[in-house]
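Heads up, the thing below is written out as structure tokens.
Number of protein chains: 4
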Amino acid sequence: MIIQLKKETKPQEIKDFIKYLENKGYQIKDASSQDLTLLGVIGDTSKLDIGNILSFSIVEEAHRIATPFKQVSRSFHPLDTVVEVKGIKIGGNNPLFIIGGPCSVETCDLLKETAIFVKESGAKGLRGGAYKPRTSPYAFQGLGTIGVEYLNTVSNEVGIITVSEIMSSDKIPEFEKNIDIFQVGARNMQNYELLKALGKTKAPILLKRGFSNTIEEWLMSAEYIIASGNPNVILCERGIRTFETYTRNTLDISVIPLIKKLTHLPIIIDPSHATGKRDLVEAVSLASIAAGCDGLIIEVHPHPEVAYSDGAQTINYDSFKTLMKKATKIAKVIGRGV
Amino acid sequence: MIIQLKKETKPQEIKDFIKYLENKGYQIKDASSQDLTLLGVIGDTSKLDIGNILSFSIVEEAHRIATPFKQVSRSFHPLDTVVEVKGIKIGGNNPLFIIGGPCSVETCDLLKETAIFVKESGAKGLRGGAYKPRTSPYAFQGLGTIGVEYLNTVSNEVGIITVSEIMSSDKIPEFEKNIDIFQVGARNMQNYELLKALGKTKAPILLKRGFSNTIEEWLMSAEYIIASGNPNVILCERGIRTFETYTRNTLDISVIPLIKKLTHLPIIIDPSHATGKRDLVEAVSLASIAAGCDGLIIEVHPHPEVAYSDGAQTINYDSFKTLMKKATKIAKVIGRGV
Amino acid sequence: MIIQLKKETKPQEIKDFIKYLENKGYQIKDASSQDLTLLGVIGDTSKLDIGNILSFSIVEEAHRIATPFKQVSRSFHPLDTVVEVKGIKIGGNNPLFIIGGPCSVETCDLLKETAIFVKESGAKGLRGGAYKPRTSPYAFQGLGTIGVEYLNTVSNEVGIITVSEIMSSDKIPEFEKNIDIFQVGARNMQNYELLKALGKTKAPILLKRGFSNTIEEWLMSAEYIIASGNPNVILCERGIRTFETYTRNTLDISVIPLIKKLTHLPIIIDPSHATGKRDLVEAVSLASIAAGCDGLIIEVHPHPEVAYSDGAQTINYDSFKTLMKKATKIAKVIGRGV
Amino acid sequence: MIIQLKKETKPQEIKDFIKYLENKGYQIKDASSQDLTLLGVIGDTSKLDIGNILSFSIVEEAHRIATPFKQVSRSFHPLDTVVEVKGIKIGGNNPLFIIGGPCSVETCDLLKETAIFVKESGAKGLRGGAYKPRTSPYAFQGLGTIGVEYLNTVSNEVGIITVSEIMSSDKIPEFEKNIDIFQVGARNMQNYELLKALGKTKAPILLKRGFSNTIEEWLMSAEYIIASGNPNVILCERGIRTFETYTRNTLDISVIPLIKKLTHLPIIIDPSHATGKRDLVEAVSLASIAAGCDGLIIEVHPHPEVAYSDGAQTINYDSFKTLMKKATKIAKVIGRGV
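First to last, the protein sequences are chains H, B, W and G.
Following this note's numbering from start to finish, the first sequence increments by one per residue and tops out at 340.
Following this note's numbering from start to finish, the second sequence increments by one per residue and tops out at 340.
Following this note's numbering from start to finish, the third sequence increments by one per residue and tops out at 340.
Following this note's numbering from start to finish, the fourth sequence increments by one per residue and tops out at 340.
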């Protein structure tokens with residue numbers, strides 16, 4: 003961390019401040035010139051609160067040089083993390099992990115039908131929300147426990163990995179019994195109590211990026227889970243909020259190579275929420291594969307227009323089949339299986 | 003709601019779609035011209051999911067005309083909501099409700115000293131975080147239960163209303179025993195499980211706006227609490243995320259008159275988080291009062307530079323005293339007490 | 003356009019307002035219910051100023067149903083626009099139009115060397131800035147006229163199409179003499195005086211999207227050029243400003259299929275400005291091709307670290323060669339040449 | 003500037019890089035630890051291009067410590083700049099400079115009537131657009147030269163200072179003959195050719211902040227004008243683009259105290275564009291005065307509903323009169339005249 007002191011700071015104040023930092027176990031290097039008083043703080047500054055430093059009235063500015071995240075960082079763990087679920091490997095150079103399925107779990111039969119279809123088309127994961135974070139209290143809130151149980155039933159019958167959103171820590175036992183991959187939704191990315199609780203499980207966590215969070219904040223949320231003891235984190239970009247209104251969100255495509263550089267974690271893309279429009283899902287999916295993602299999570303429904311939620315961004319069976327064929331070709335060009 | 007159908011839609015498809023809507027209990031009015039097929043949907047469209055409408059392949063666009071929130075709306079409840087806490091009235095034309103205190107509860111003595119000071123300066127509320135949502139898992143996470151108890155002790159001894167952040171529903175009993183006003187932080191504004199649980203209490207809820215949420219989303223979160231049975235909602239604007247880096251957030255000052263127009267709820271401003279810099283707190287506080295807010299929540303600490311958190315935006319006693327004097331004068335000009 | 007009137011509007015006021023609109027040549031359709039007064043305005047509303055409608059005190063809200071752009075719209079001109087420059091066709095199903103070259107024109111020799119290299123690698127265009135919009139008045143502002151002339155010289159000697167940014171209309175004659183494709187930079191996207199002047203030329207215009215402009219605003223700027231008489235517009239997405247600081251901008255990848263749907267114009271991607279980091283250029287370029295773009299504009303320099311500007315996002319010869327090989331493969335998968 | 007080199011950088015590469023910087027006239031201070039190689043660059047780094055530094059492959063990151071602006075900085079020029087126009091002083095502790103008038107100049111009679119009214123109400127400036135930057139090429143583009151001449155006529159007859167937007171440098175002679183204060187609109191804030199041309203005049207320049215520009219970019223644009231020779235710059239905040247759709251823009255109120263701290267220039271607020279809604283103009287105006295602005299620029303029209311442009315945010319005579327009375331009271335509380 004580099005700290006710039008105010009021009010008018012007195013020598014004694016500088017001395018006291020340096021002592022304060024040294025008492026916290028840091029080594030201080032003076033990088034001042036005649037114009038600026040600059041101090042370099044050496045040591046594990048990930049534990050040093052920049053807000054605390056800025057609160058000193060003699061401090062003009064403070065810049066963090068080292069990243070605040072540690073265990074998610076590629077420099078801490080150079081090899082790719084590969085998350086294994088029921089024998090399927092996600093991340094590394096393993097085949098793409100494609101997840102299809104409805105926004106919300108509706109009936110058990112429909113879920114099973116969809117699971118069979120997406121599996122036959124090449125997907126290895128089945129998505130379906132049982133607890134739904136809806137903007138309006140008057141909108142359909144999901145089937146709850148029964149939806150979670152349907153997912154388990156279908157998973158066993160069809161042989162497919164399930165992904166579903168968990169919204170509060172009291173549902174962890176229910177999820178541990180029924181669900182393979184626990185999704186943390188965008189709105190809960192900084193629900194730290196939930197992250198800490200999930201960090202105490204061994205379940206693979208699909209951590210969605212908050213719709214206005216920076217990459218650093220996202221990685222700090224992953225750090226919460228890992229620091230609590232659970233290394234099985236899969237990152238998921240689902241589009242960020244921008245001024246654009248033609249699309250529901252804006253997919254940050256450059257996140258893919260960037261995450262690969264900064265961290266060792268797998269990264270999956272959600273083209274359905276990223277665009278909000280089914281016409282755009284295919285193009286954005288192919289783009290994500292070309293950019294090097296480790297998988298996709300796509301909303302698929304036999305009849306999107308009667309889906310309980312998110313129909314506008316849900317593709318039907320034919321579209322999913324076509325998408326999977328093209329995805330396989332693009333993946334092959336970049337040396338990746340599906 | 004106005005629905006525009008695609009040009010190529012066939013008469014039978016239009017008929018079927020109209021029947022679908024009528025079956026949901028809506029009346030349909032045709033507003034088409036030779037260029038556009040437009041349908042007006044009449045009835046309580048707050049229960050109609052716009053995503054569901056958009057999922058029909060024949061739908062080009064859909065615009066909500068009526069607001070999706072109901073119980074928070076001024077048209078539903080024309081008179082100002084006044085939240086009463088231990089005899090103090092917040093909102094309406096009542097005196098401004100000013101809250102001061104540290105970011106985090108540190109020691110009981112320090113909290114008491116600060117409480118006495120802010121009360122003597124004219125504040126009626128004491129803030130202090132016991133559970134802290136920190137970006138880093140390695141940063142100070144708050145004193146927890148003991149901090150909550152300190153707040154209660156100080157409240158009783160000094161005679162001041164306490165405000166503290168609640169981050170998960172399992173802490174509700176602890177808060178009901180110890181805290182006067184429960185704060186929902188910006189990161190949890192869309193933690194719907196928490197909102198629903200708080201809606202089942204009778205506690206006054208200070209609902210902060212998420213740092214990238216629209217006013218409509220914020221009001222929908224208030225709607226969650228009220229629809230669950232708790233009408234005691236106080237809105238709190240604490241700055242939104244923008245590109246600007248000189249400030250931590252950007253205060254949306256126009257929210258004040260806008261909230262007064264759209265809703266009947268009290269609105270309080272947090273100039274500390276809105277700016278992130280103590281030098282800017284006074285100017286922004288005075289501006290908020292001039293714009294018509296119902297109160298302020300300000301971070302105050304006797305020695306900001308040794309505060310456990312948020313020191314950079316925390317003002318000291320002298321600054322708070324000066325601010326309160328100026329605030330009183332501005333409030334008087336607009337016909338409001340402090 | 004759908005206009006919602008305030009609840010308390012009197013019948014006579016509604017009548018007067020309808021007459022006002024009818025006098026402007028519109029037909030009015032009443033879509034009111036007992037709760038809402040809604041009027042549908044029928045006719046060419048692209049000429050109706052929404053701000054003017056909103057200025058009536060009886061108007062609650064107004065929603066534009068038809069798009070405000072006309073000549074850029076695919077519904078106005080269903081076939082793809084193909085811009086032809088010196089025999090090279092851009093857009094439609096023609097091979098990708100790849101442009102390489104330095105951020106700024108430096109020396110004529112260096113420019114020629116780079117032109118030869120990018121052409122050999124498969125690019126058909128050469129970029130190079132002679133007038134540079136720099137944030138700081140103290141930064142290198144470009145070679146000006148001499149730079150423009152170097153581009154012409156190199157174009158003739160090497161046989162390559164040149165692209166360079168024009169910042170004011172008084173340089174049009176100079177550009178007409180020397181440059182093949184005139185670039186309008188992001189900062190000038192809404193410099194309407196410049197757009198109108200360019201609309202009076204016949205030159206192909208590469209219109210960059212402003213860094214915080216919506217797609218609609220971008221298309222309205224294209225509409226300015228076309229409405230002034232010049233149909234040769236090529237759109238260029240170069241990333242939008244978001245909160246993210248790891249990248250210079252955020253590429254809006256979904257713009258590619260969206261532009262194809264909304265308009266008939268070619269769309270080119272600038273991965274260099276979109277990311278600001280050379281490590282990310284390749285992944286984002288491949289993604290753009292997979293999503294269906296019509297070309298790329300990439301900053302290439304033999305020694306990025308001594309480039310006069312934008313070195314951080316400039317790739318060197320080896321990287322460009324590798325990128326072109328991979329680009330060719332991805333393009334082939336989606337049935338496109340390079 | 004602090005430069006962090008990559009871990010794997012070799013000693014010889016560091017040596018060469020230091021020599022490169024020393025050759026540019028900078029002194030280098032080593033602030034490295036065992037984990038990080040950090041170099042402090044000492045000298046006038048406002049002339050050092052950060053992009054150039056980042057282009058070296060051995061550079062991991064570079065942070066500017068000193069501000070990139072110089073002549074606009076308060077540390078360069080500690081006293082407030084006071085811009086004087088026809089005997090009226092703007093900035094410093096001088097009375098607030100309030101500007102009223104229509105969005106667009108319409109007829110000479112109407113302009114004169116409005117000028118008389120706003121002057122009687124206490125305003126010292128008259129606004130009116132003759133050249134209008136409209137999103138649509140089909141919208142009213144302003145009266146042009148004749149509008150500029152009307153402003154001059156009215157200014158002379160009524161005795162009021164005129165403010166009007168200039169959109170291209172070829173209109174400078176026309177403006178120098180007719181207009182007192184030249185406004186640079188938000189869309190042209192980074193039209194550097196225009197800024198440089200205005201820097202060669204002696205006219206007071208009202209420089210609006212671009213709707214998505216940072217404060218630093220805004221100040222760099224002011225630096226362009228001053229560095230070209232014209233110190234008469236007045237900054238104008240008019241709201242920034244955010245996700246919020248209830249308002250046209252979001253006023254950044256904290257800009258007021260921040261600008262006062264960072265620079266010596268006067269700052270004026272435009273509550274009309276900042277909100278886009280006439281109901282919000284008064285509250286936001288009073289807030290701006292309480293926060294310490296040097297003036298306001300407000301859209302006023304006798305009949306907003308028939309104004310040629312921006313009617314929705316234009317207030318009528320009665321509202322302006324009321325606003326001026328309240329403004330005077332708030333200004334008095336903070337020790338300022340109107």
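Backbone N, C-alpha and C fix where the C-beta goes; we use that ideal spot for every residue, glycine too.
Chain C partners of residue i, CB-CB under 9 Å?
i	result
leucine 38/W	Note that chain C does not occur in the displayed structure, where the protein chains are H, B, W and G.
Quick one: is residue i near chain H, going by C-beta distance under 8 Å?
i	result
arginine 240/B	no
threonine 83/B	no
aspartate 320/W	no
Determine, for residue i, whether the minimum Cβ-Cβ distance to residues of chain B falls below 8 Å.
i	result
alanine 289/G	yes
threonine 216/G	yes
lysine 72/W	no
alanine 276/H	no
lysine 31/W	yes
leucine 298/G	no
glutamine 315/W	no
lysine 332/G	The sequence shown places isoleucine at residue 332/G, rather than the lysine named in the question. So, interface residue.
Which two residues bound the contiguous beta strand (DSSP E) that contains residue i?
i	result
histidine 275/B	No beta strand (DSSP E) holds histidine 275/B; the alpha helix (DSSP H) holding it covers 273 to 277.
glutamate 239/H	235 to 239
glutamate 159/B	No beta strand (DSSP E) holds glutamate 159/B; DSSP gives it neither H nor E.
phenylalanine 99/W	99 to 103
glycine 297/W	297 to 301
alanine 85/B	Reading the sequence as shown, one finds valine at residue 85/B and not alanine. Element bounds for valine 85/B: 85 to 87.
leucine 40/G	39 to 44
isoleucine 92/H	90 to 92
Apart from the five residues just before and just after residue i, which ones in its own chain have a Cβ nearer than 6 Å to its Cβ?
i	result
serine 214/G	Arg243
phenylalanine 184/G	Ile168, Phe177, Ala205, Ile207
histidine 65/G	Ile4
Could one say the Cβ of residue i lies closer than 8 Å to chain G's Cβ atoms, at least one of them?
i	result
aspartate 111/W	no
isoleucine 5/H	no
serine 57/H	no
Can you find the residues in the same chain that come closer than 7 Å, C-beta to C-beta, to residue i, ignoring five residues on each side of it along the sequence?
i	result
tyrosine 140/W	none
glutamate 159/B	Lys114
Over the uninterrupted alpha helix (DSSP H) stretch that includes residue i, give me the two end residues.
i	result
glutamine 14/B	13 to 25
lysine 121/H	110 to 122
leucine 260/B	257 to 264
alanine 333/W	319 to 335
aspartate 281/G	280 to 292
Using a Cβ cut-off of 8 Å (strictly closer), state whether residue i contacts chain W.
i	result
leucine 1/H	Outside the shown range of chain H (3 to 340) lies residue 1/H, about which nothing can therefore be said.
valine 286/H	yes
Comparing the CB of residue i with every heavy atom of the ligand COA, is any distance shorter than 7 Å?
i	result
serine 106/B	Among the components of this structure there are no ligands whatsoever, and the ligand COA is therefore not found.
Of all the residues that make up the segment 218 to 251 of chain W, which are near chain H by a beta-carbon distance shorter than 7 Å? Ile242, Thr244, Phe245, Glu246, Thr247, Tyr248, Thr249
Scan the segment 181 to 202 of chain B for residues whose Cβ lies nearer than 7 Å to a Cβ of chain H and list them as they occur along the chain. Arg189, Asn190, Gln192, Asn193, Tyr194, Glu195
Any alpha helix (DSSP H) of 4 or more consecutive residues that is wholly inside the segment 159 to 207 of chain G: 174 to 180, 194 to 201
Length at least 3, wholly inside the segment 203 to 232 of chain W: the beta strand (DSSP E) runs in chain order: 207 to 210
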